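Numbering (our numbering), first residue to last: 33 to 387.
The next block holds one structure in the form of structure tokens; read it before the comments.
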Ligand code: PHE
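Have a look at this one:
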């Protein structure tokens with residue numbers, strides 16, 4: 033084939049293709065033109081390329097150059113048409129959107145399992161006539177120790193067992209933070225502090241529960257965490273006895289865990305500075321109610337020590353009372369068969385969404 037024929041042929045093709053791409057009005061026409069001119073198998077450009085092999089050897093470089101120029105021009109015309117019709121692309125994207133597809137469900141938020149446990153405990157104790165009250169998490173020496181009959185020499189006051197607070201001077205120097213009485217402030221280590229706060233303000237009878245966070249510098253492991261929750265109960269009136277303590281705890285546990293099963297409470301002798309006598313409280317936990325069939329330890333309790341009643345201005349000759357403090361995490365974990373307390377505080381939504 034003569035070089036001039038080859039060139040003429042490509043000029044015609046370039047003009048024709050440019051005109052065709054310039055004229056397409058929609059995506060379908062564009063696609064048809066694309067196949068016709070630059071289709072990889074049988075496009076006209078591909079066809080013209082075969083002419084390359086037929087020109088004289090000496091003309092090959094010039095023919096190749098012409099072919100590349102024509103190819104570039106045609107591809108540019110195609111790109112321009114694609115760009116021009118991009119507005120139309122939106123329409124086809126809309127057409128591809130299937131409005132009959134089911135929607136994606138929204139994930140609803142939930143209360144944290146500990147919050148659920150607390151709400152349930154408040155509700156049950158409310159039915160037994162106990163009013164829920166709150167106390168501060170930063171406590172002073174009087175409410176966390178002294179009024180609770182915990183003497184200065186008692187190991188419970190040890191800095192290793194408590195989070196004492198510090199103030200930072202501008203220099204960065206840390207100083208012990210103190211309350212109005214000049215004595216150290218700390219994060220409360222037990223909710224028994226609230227007993228004192230309520231009795232100081234209210235004459236007997238009192239019948240309260242207090243649920244909240246307490247802090248102890250324990251290393252976190254499967255059963256310990258430096259912050260956890262307690263439910264504290266206090267009842268002071270004329271003639272309150274340990275029998276009422278036991279039946280209150282029994283009714284509480286029955287309502288929380290028992291269902292149709294009879295729940296029993298077991299006391300083991302113990303010691304707390306603020307109760308006398310003091311006991312550890314266990315609950316039987318029948319297999320039928322999802323339990324182990326054995327005893328489950330719930331916390332401490334006892335009859336309010338006369339020294340405590342005196343410290344808040346009550347007359348121990350007139351009134352007696354019982355108090356108990358149970359671990360909220362322990363009850364929540366047993367209920368849901370959670371084995372590691374840290375799972376409750378890792379904030380992993382996949383874990384929390386189960387409750
Ligand atoms: N405050 C005790 C504790 O944290 C529990 C307790 C509360 C014991 C009330 C007796 C009476 O271990």
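For every residue, glycine included, the Cβ atom is placed at its ideal position computed from N, Cα and C.
Because the structure is a prediction, the values reported are computed rather than measured.
Query: Residue 195 to residue 177 span [Cα, whole Å]; Result: 14 Å
Query: Check: residue 355 C-beta below 6 Å from any heavy atom of the ligand PHE; Result: yes
Query: Beta-carbon spacing of residue 229, residue 167 below 7 Å; Result: yes
Query: Near the ligand PHE: residue 307 beta-carbon under 6 Å from a heavy atom; Result: yes
Query: The ligand PHE heavy atom lying under 6 Å from the CB of residue 334; Result: yes
Query: Beta-carbon proximity of residue 70 to residue 38, cut-off 7 Å; Result: no
Query: Proximity to residue 111 [Cα-Cα], best of 291, 218, 334 and 53; Result: 53
Query: Residue 224 CB to nearest heavy atom of the ligand PHE below 6 Å; Result: yes
Query: The ligand PHE heavy atom lying under 6 Å from the CB of residue 304; Result: yes
Query: Three-state secondary structure assigned by DSSP to residue 110; Result: helix
Query: Three-state secondary structure (DSSP) of residue 351; Result: coil
Query: First through last residue of the alpha helix (DSSP H) which encompasses residue 382; Result: 381-384
Query: Own chain, CB closer than 7 Å to residue 163, minus 5 neighbours either side, in chain order; Result: 239 and 240
Query: Of the residues 334, 255, 282 and 219, the one placed nearest residue 373, counting alpha carbons only; Result: 255
Query: Residues bridged to residue 196 (per DSSP); Result: 218
Query: Own chain, CB closer than 8 Å to residue 351, minus 5 neighbours either side, in chain order; Result: 236, 237, 268, 269, 270, 272 and 341
Query: DSSP three-state assignment for residue 179, whether helix, strand or coil; Result: helix
Query: Residue of 322, 349, 297 and 365 minimising C-alpha distance to residue 333; Result: 297
Query: DSSP three-state assignment for residue 346, whether helix, strand or coil; Result: coil
Query: Other residues of its chain near residue 319: CB distance less than 6 Å, five sequence neighbours each side excluded; Result: 325
Query: Inter-stretch contact at 8 Å, needing at least 3 Cβ pairs: the region 209-229 / the region 146-162; Result: no
Query: Residue closest to residue 379, alpha-carbon to alpha-carbon, out of 96, 116, 94 and 144; Result: 144
Query: Residue 295 versus residue 314: straight-line alpha-carbon distance, rounded; Result: 11 Å
Query: Own chain partners of residue 387 with C-beta closer than 6 Å, once the 5 adjacent residues on each side are dropped; Result: 145
Query: Inter-residue spacing [alpha-carbon to alpha-carbon] between residue 11 and residue 357; Result: Because the chain spans 33 through 387 in this model, residue 11 falls outside it and cannot be assessed.
Query: CA nearest to the CA of residue 170, picked from 150, 197, 107 and 156; Result: 197
Query: Closest residue to residue 80 among 95, 165, 175 and 64 (Cα-Cα distance); Result: 95
Query: N- and C-terminal bounds of the alpha helix (DSSP H) containing residue 149; Result: 145-159
Query: Nearest residue (CA-CA) to residue 317, options 151, 253, 336 and 369; Result: 369
Query: Minimum length 4: unbroken alpha helix (DSSP H) runs contained in the region 255-301; Result: 274-285
Query: Within 7 Å, strictly: CB atoms of residue 275 and residue 156; Result: no
Query: Inter-residue spacing [alpha-carbon to alpha-carbon] between residue 90 and residue 102; Result: 20 Å
Query: Coarse secondary structure for residue 117, derived from DSSP in three states; Result: coil
Query: Within 7 Å, strictly: CB atoms of residue 181 and residue 258; Result: no
Query: Assigned exposure category for residue 216 - 16 Cβ within 10 Å defines buried; Result: buried
Query: Where the beta strand (DSSP E) containing residue 164 begins and where it ends; Result: 163-165
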